[in-house]
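Residue numbers (numbering that gives the first Met the number 0), protein chains in the order written: chain S, 0 to 214; chain Z, 0 to 214. Heads up, the beta-carbon is just placed ideally off N, CA and C, and yes, glycines get one too.
2 protein chains.
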Amino acid sequence: MSKADNHDLTKERLLDEAETLFAQKGYDAVSVREITNAARCNLAAVNYHFGNKKNLYLEVFRARWIPRSRRLQESFKKSLGGAGAASPRAVARALAEAFLVGPMSDEERFRHHQLMVRELGQSTEALELVADDVMRPFMKRLADMLHPAMPEGLGKERVLLHILSMFAMVLYFNFARGAVTRITGREYTKAFKARLVEHITEFSLTGLGVGEDLH
Amino acid sequence: MSKADNHDLTKERLLDEAETLFAQKGYDAVSVREITNAARCNLAAVNYHFGNKKNLYLEVFRARWIPRSRRLQESFKKSLGGAGAASPRAVARALAEAFLVGPMSDEERFRHHQLMVRELGQSTEALELVADDVMRPFMKRLADMLHPAMPEGLGKERVLLHILSMFAMVLYFNFARGAVTRITGREYTKAFKARLVEHITEFSLTGLGVGEDLH
DNA sequence: GTCTATAGCAGGATAGAC
DNA sequence: GTCTATCCTGCTATAGAC
């Protein structure tokens, strides 16, 4: 009876197909016809279930993106282990692990970050939803975890910049997958993803002021 | 007689306005009418000068984006100084400086990276243009500069990942400006940009395996 | 809740006058 | 080279049958 089981319901299928298409092409490049065809239902279904196209888009974030982001954060938490204070190394690794391997399929992960990047560029209504609901709290939690372990005298702002930089990498290696493959010549196999996790961890780590621990 | 002087020519105005609008909203969200209105010329001008909308888009990359990218790389080179072998620190700083302060206005820099990110997400014709023409050669030059200075035994691939990570940050702090401001509470003033350059340099640096030089 | 049919409009593109 | 007028396609959205 979980959400995935409802895939036979028209409304759920619409959300699934809409998310895929919006992620692939962007809001304006996708027509309602395209979505309803993919979902094997009638053109009018979008307006019946969601009122209009824009609302369907927002509902994709509410009903799909945000819950997935929560799962991602759960995965991060679990990967860190229940322990109290985490080392910067553990935080960096858990972050890279959750976002690059984590609890979802390759296709789902790609979709997730494509949508995010599309929103990050401009300030739309969907970003508002996401920003206060899941991004900010997560950032704050990360900052609270990292701050005590960082070199003393490091202001909150610098900690924030460190966190943003980790996100920048995680985001980039997910959404710019095509360019990364083109440049490195490597497909996103299990092995390469493991290597990316390794790389991001190390790259982040020394940036966190614990370079001495490295060797 | 430079290109900027030609802004009174319809064709040049079209390229300028098209680039701004495409960067702001994405290809599909912008209509030819919108572009010709902004350029204060007739609807038919796009088809007269460029054949069709898609071609105008590609021409924006050929005639605006790529030359600007070249100027950016020149700025990077100049910022490094003519010296032969550059230290990783010098490279990281010059890169951050060129991309975050560099030779262009804030608005132009934003436009430039917005367009890039829109293209990085999917594999379009415009990306083909850019990838082989300016991205790959620049990456290669960076790799050649950095490789000898990195810890021995560090493979070419890892050097590439380091470079990609620097690009990830530079890209992120440019195109996700809205989100960064939202999270840090800081506008992109001269002071904040200087801080970002500092941050990216340090963050990149220790990731480049020279953490010992830091303090 | 799902369908067909269609209204109503905005889009890209072109023909042809000037 | 720039304009107006117009074609035609494809879009979102809705009305109303089932």
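Terminal residues of the alpha helix (DSSP H) in which residue i lies
i         : result
Phe98(S)  : 87-99
Leu42(Z)  : Careful: Leu42(Z) lies outside any alpha helix (DSSP H) and carries neither H nor E.
Asn54(S)  : 52-59
Gly154(Z) : From DSSP, Gly154(Z) is part of no alpha helix (DSSP H); its letter is neither H nor E.
Leu119(Z) : 105-120
Gly184(S) : Taken as a continuous stretch (DSSP letters only), Gly184(S) belongs to no alpha helix (DSSP H), as it is neither H nor E.
Val129(Z) : 124-129
Met149(S) : Met149(S) -> no alpha helix (DSSP H), and no H or E assigned at all.
Arg63(Z)  : Premise fails: Arg63(Z) is in no alpha helix (DSSP H) and is neither H nor E.
Thr9(Z)   : 9-24
Own chain, CB closer than 8 angstroms to residue i, minus 5 neighbours either side, in chain order
i         : result
Glu18(S)  : Val59, Arg63, Trp64, Arg110, Leu114
Met0(S)   : Low confidence applies here, because Met0(S) scores a pLDDT of 42, under 50, leaving its location unreliable and the question unanswered by this model.
Asp15(Z)  : His6, Ala38, Arg63
Glu211(S) : In this predicted model, Glu211(S) has a pLDDT of only 47, less than 50, meaning its place in the structure is not dependable; the value taken from the coordinates is given anyway. Cβ neighbours of Glu211(S) beyond the five flanking positions: none.
Leu213(S) : Reliability fails at Leu213(S), whose pLDDT of 41 lies under 50, so the model's placement of it is uncertain and no value is given.
Arg61(S)  : Leu128
Cys40(S)  : Thr9, Arg12, Leu13
Asp172(Z) : Correcting the residue identity first, residue 172(Z) is Phe in this sequence and not Asp. Closer than 8 angstroms at the Cβ level, and outside the excluded window around Phe172(Z), lie Leu99, Val179, Leu195, Ile199.
Ile162(Z) : Met138, Leu141, Ala142, Leu145
Spatial neighbours of residue i in its chain, beta-carbon cut-off 7 angstroms, leaving aside the 5 residues before and after
i         : result
Val158(S) : Ala142, Leu145, His146, Met149
Ala22(Z)  : Arg110, Gln113, Leu114
Arg176(Z) : Phe109, Tyr187
Arg117(S) : Gly25
Ser68(S)  : Val133
Phe166(S) : none
Nearest-angstrom Cβ-Cβ length linking residue i and residue j, presumed shorter than 8 angstroms
i         : j         : result
Val215(S) : Leu20(S)  : An answer regarding residue 215(S) cannot be provided, because it is not within the stretch 0 to 214 covered by chain S.
Phe174(S) : Gly120(Z) : 6 angstroms
Leu170(Z) : Glu124(Z) : Between Glu124(Z) and Leu170(Z) the Cβ distance is about 21 angstroms, and since that is not below 8 angstroms, they are no contact.
Ala89(Z)  : Leu79(Z)  : 6 angstroms
Met168(Z) : Ser164(S) : 5 angstroms
Thr183(S) : Glu107(Z) : Rounded, the Cβ-Cβ distance is 30 angstroms, inconsistent with contact.
Cβ-based neighbour list, residue i, same chain, cut-off 6 angstroms, excluding 5 preceding and 5 following
i         : result
His48(S)  : Lys10
Leu55(Z)  : Ala17, Val45, Phe49
Leu126(Z) : Glu118
Lys52(Z)  : Val31
Arg185(Z) : Phe191
Ala85(S)  : Leu79, Met144
Lys2(Z)   : The predicted model places Lys2(Z) with a pLDDT of 47, which falls under 50 and marks its position as unreliable; any figure quoted below should be read in that light. Excluding positions up to five away in sequence, the list is empty.
Phe160(Z) : The question names Phe, but residue 160(Z) in the sequence shown is Leu. Nothing meets the Cβ criterion.
Check your understanding: Are at least three pairs of beta-carbons, each pair with one atom in the segment 66-85 of chain S and one in the segment 133-148 of chain S, less than 8 angstroms apart?
Key -> Pairwise C-beta distances place the segment 66-85 of chain S in contact with the segment 133-148 of chain S, as three or more of them are shorter than 8 angstroms.
Positions along the segment 73-93 of chain S whose CB lies within less than 9 angstroms of some CB in chain Z
For the segment 73-93 of chain S, the set of positions with a beta-carbon nearer than 9 angstroms to some beta-carbon of chain Z is empty.
- Message: For the pair the segment 26-40 of chain Z and the segment 98-110 of chain Z, tell me if three or more CB-CB distances fall below 8 angstroms.
- Response: No, the segment 26-40 of chain Z does not touch the segment 98-110 of chain Z.
Check each residue of the segment 21-44 of chain Z: if its Cβ is closer than 8 angstroms to any Cβ of chain S, include it; give the result in chain order.
Along the segment 21-44 of chain Z, going in chain order, the ones with a CB nearer than 8 angstroms to a CB of chain S are Gln23, Lys24, Gly25, Tyr26, Asp27, Ala28.
(Q) Under 8 angstroms, CB to CB, which of the residues in the segment 90-116 of chain Z have a partner in chain S? (A) Taken in chain order, the members of the segment 90-116 of chain Z whose beta-carbon sits within less than 8 angstroms of a beta-carbon on chain S are Gln113, Val116.
- Item | Any 3 or more C-beta pairs closer than 8 angstroms across the segment 180-196 of chain S and the segment 90-100 of chain S | Contact between the segment 180-196 of chain S and the segment 90-100 of chain S is present: 3 or more CB-CB pairs across the two stretches fall below 8 angstroms.
Quiz prompt | Positions along the segment 150-165 of chain S whose CB lies within less than 8 angstroms of some CB in chain Z | solution = Cβ contacts with chain Z come from Glu156, Arg157, Leu159, Leu160, His161, Leu163, Ser164.
query: Which residues, taken in chain order from the segment 167-191 of chain S, show a beta carbon closer than 8 angstroms to some beta carbon of chain Z?
result: Legend: CB atoms of the segment 167-191 of chain S lying less than 8 angstroms from CB atoms of chain Z belong to residues Ala167, Met168, Leu170, Tyr171, Phe172, Phe174, Ala175, Gly177, Ala178, Val179, Arg181, Ile182, Thr183, Arg185.
key: Contact list for the segment 193-207 of chain S against chain Z, Cβ threshold 9 angstroms   = Going along the segment 193-207 of chain S in chain order, one finds Arg194, Leu195, His198, Ile199, Glu201, Phe202, Ser203, Leu204, Thr205, Gly206, Leu207 with a Cβ nearer than 9 angstroms to chain Z.
Beta carbons nearer than 7 angstroms to chain Z: which residues of the segment 9-21 of chain S have them?
Across the segment 9-21 of chain S, no CB contact with chain Z closer than 7 angstroms is found for any residue.
By the 8 angstroms beta-carbon criterion, what residues does the segment 117-140 of chain S contribute toward chain Z? Correct list: Arg117, Leu119, Gly120, Gln121, Ser122, Leu126, Ala130, Met134, Arg135, Met138.
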